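These notes are about the structure you will find just below.
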Amino acid sequence: MSTSATALLPAPAGAERRAVRPVDVIVIGAGQAGLSAGYHLRRRGFVPAGRVGQGELLAPGETPAGARGTYLVLDAEPGPGGAWRHRWRSLRMATVNNIYDLPGMAQPAVDPCAPSAEVLPRYFAAYEDHLELPVLRPVRVRSVRRADDDPAGRLLAASDAGIFAARALINATGTWTKPFWPRYPGQETFRGRQLHVAQYVAAEELAGQHVVVVGGGISAVQLLEEISHVATTTWVTRREPVWREEDFDAEAGHRAVARVEERVRRGLPPLSVVSVTGLIWRPELRAAAARGVLERHPMFTRIEPDGVRMADGSLQRADAILWATGFRAALDHLTPLRLRGRGGGIAMDGTQVAGEPRVHLVGYGPSSSTVGANRAGRDAVNALATYLQR
């Protein structure tokens with residue numbers, strides 16, 4: 001990667017950090033949705049806001065002749081791969097849930113037993129390198145606010161690399177950095193270990209223990225099956241899980257995306273795409289069911305020092321509680337824009353924030369899975385290209 005745009009555009013240091021740098025479009029986040037946006041910006045005639053090969057950002061107001069505009073991708077991770085950098089080692093390519101190719105570059109053939117935490121970051125790195133995408137990292141965006149009251153004015157993104165004054169913003173920060181921890185009575189009294197899926201590394205760290213797994217999604221059942229080989233388990237969910245007999249094909253994926261899209265259009269907090277698709281019977285899960293591992297129990301009522309109080313009043317002793325309870329959209333840096341409505345969510349018109357044509361959210365709601373991420377990147381760029389041209 002010595003010739004990659006990623007390596008050639010380091011975060012500015014010293015006095016440069018205090019400079020306000022104009023750029024037409026900023027993409028925040030370099031996961032699948034962010035890279036898709038970068039690809040489509042490039043196709044629409046936008047150029048990197050930097051001199052590739054010199055490691056410098058463009059001078060204020062400088063746009064190369066013939067270019068439609070400039071863009072940058074700001075990524076908080078130390079390297080390519082987005083959230084895939086942090087997935088547990090036992091998540092293999094054979095069990096990853098439908099990873100779609102990035103636009104313009106198919107995934108190479110890989111060993112299905114290879115860890116996704118190795119394969120996908122390598123694929124993302126090759127993609128950034130091939131397209132010479134201007135990814136600055138590690139750069140964390142702390143806040144985004146409007147420069148003034150002009151509805152067509154600049155958006156000021158304050159970051160570790162200084163302040164960027166953008167005409168438009170594509171936010172692609174996903175959810176991985178914001179795990180959701182439900183609160184239950186007595187939670188602080190538990191003498192065992194509590195961990196979220198985001199902190200899970202391998203089943204071996206729980207070997208010989210009794211583990212209560214909380215959650216009804218794909219991660220919950222995958223980890224429940226894995227942990228059950230080295231520990232005893234109890235599975236609890238708020239609702240009865242819904243299982244699918246048929247494969248999750250492209251048509252089913254589009255139907256699921258449409259259901260989530262309708263919800264965010266009304267300004268309601270988004271459900272994950274997975275929550276409306278149901279669980280798929282993989283061979284290893286059928287085997288787990290045959291072993292009695294997938295016996296689901298209603299949610300416990302409280303947590304006690306030695307375990308959890310089940311819905312029937314019995315005490316289930318436990319050494320650890322694994323919260324496979326999902327994630328929320330990582331949008332805290334957008335708080336100054338006051339995008340949330342009375343419904344608790346952000347009203348959306350496609351990828352655009354309703355009433356704010358300068359801001360598009362990809363990896364939010366219907367585009368929070370690989371099913372919708374590529375399309376969202378394309379749609380956001382098409383809308384912004386039209387907006388900026390006006």
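Under the UniProt record's numbering, residues 1 to 390 are what the sequence shown spells out, in order.
For every residue, glycine included, the Cβ atom is placed at its ideal position computed from N, Cα and C.
Remember, it's a predicted structure, so these values are computed and weren't measured experimentally.
Asked                                                                                                                                                                   : Found
Under 6 Å Cβ to Cβ from Ala198, same chain only, skipping five residues before and after it: list those, please.                                                        : Pro179
Where do the ends of the beta strand (DSSP E) carrying Glu226 lie?                                                                                                      : From DSSP, Glu226 is part of no beta strand (DSSP E) but of the alpha helix (DSSP H) over Ile218 to Ile227.
Using the Cα positions of Pro115 and His86, report the straight-line distance between them to the nearest angstrom.                                                     : 11 Å
In whole angstroms, give me the CA-to-CA distance for Pro80 and Asp349.                                                                                                 : 30 Å
According to DSSP, is Glu304 helix, strand or coil?                                                                                                                     : strand
Taking the alpha-carbon of Glu77 as reference, which of Leu315, Pro138, Ile321 and Trp88 has the nearest alpha-carbon?                                                  : Pro138
Can you check whether the CB of Ile170 is closer than 8 Å to the CB of Val353?                                                                                          : no
What are the boundary residues of the beta strand (DSSP E) that Gln316 is part of?                                                                                      : Leu315 to Arg317
Count the C-beta pairs between the segment 182-199 and the segment 289-307 that are closer than 8 Å, then say yes if the count reaches three, no if not.                : yes
Counting along the chain, where does the beta strand (DSSP E) carrying Phe46 start and finish?                                                                          : Phe46 to Pro48
To the nearest angstrom, report how far apart Arg375 and Ile227 are at their CA atoms.                                                                                  : 35 Å
Which residue comes first and which comes last in the beta strand (DSSP E) that contains Leu156?                                                                        : Leu155 to Ser159
Using DSSP's beta-bridge definition, name the partner residues of Asp349.                                                                                               : Gln352
Evaluate Val27 with the Cβ neighbour count: other Cβ atoms within 10 Å of its Cβ, from every protein chain shown; 16 or more gives buried, anything less gives exposed. : buried
In the structure shown, what three-state DSSP assignment does Thr175 receive?                                                                                           : coil
Going along the chain, which residues of its own chain have a beta-carbon closer than 6 Å to the beta-carbon of His297, five neighbours each way excluded?              : Val236
By the DSSP assignment, the alpha helix (DSSP H) with Leu35 in it spans what residues?                                                                                  : Gln32 to Arg43
Between which two residues does the beta strand (DSSP E) holding His214 run?                                                                                            : The sequence shown places Val at residue 214, rather than the His named in the question. Looking at the DSSP string, the run of the beta strand (DSSP E) that includes Val214 is His210 to Val214.
Who does Ser143 pair with in a DSSP beta bridge?                                                                                                                        : Ala158
Would Pro283 be called buried (16 or more neighbouring beta carbons within 10 Å of its own) or exposed?                                                                 : exposed
How about Leu155 and Leu322: do their beta carbons lie closer than 8 Å?                                                                                                 : no
If we require 4 or more residues per run, which alpha helix (DSSP H) segments fall completely within the segment 79-133?                                                : 116-131
Decide if Thr189 is buried, meaning its Cβ has at least 16 other Cβ atoms within 10 Å, or exposed.                                                                      : exposed
Under a three-way DSSP split, which group does Gln54 fall into?                                                                                                         : A caution first: Gln54 carries a pLDDT of 41, below 50, which makes its placement in the model unreliable, though a value can still be read off. Of the three classes helix, strand and coil, the one that applies to Gln54 here is coil, per DSSP.
Below 8 Å on the Cβ atoms is my guess for residue 391 versus Tyr71; work out the distance and round it to an integer in Å.                                              : Residue 391 falls outside the range modelled here, since the chain spans only 1 to 390, and no answer is possible.
Please specify which runs of the beta strand (DSSP E), each continuous and at least 3 residues long, are wholly inside the segment 177-207, giving them in chain order. : 193-196
Is it right to say Glu128 is buried, meaning 16 or more other beta carbons lie within 10 angstroms of its own, or is it exposed?                                        : buried
When the Cα atoms are used, what is the spatial distance from Glu295 to Ala202?                                                                                         : 22 Å
Would Asp75 be called buried (16 or more neighbouring beta carbons within 10 Å of its own) or exposed?                                                                  : buried
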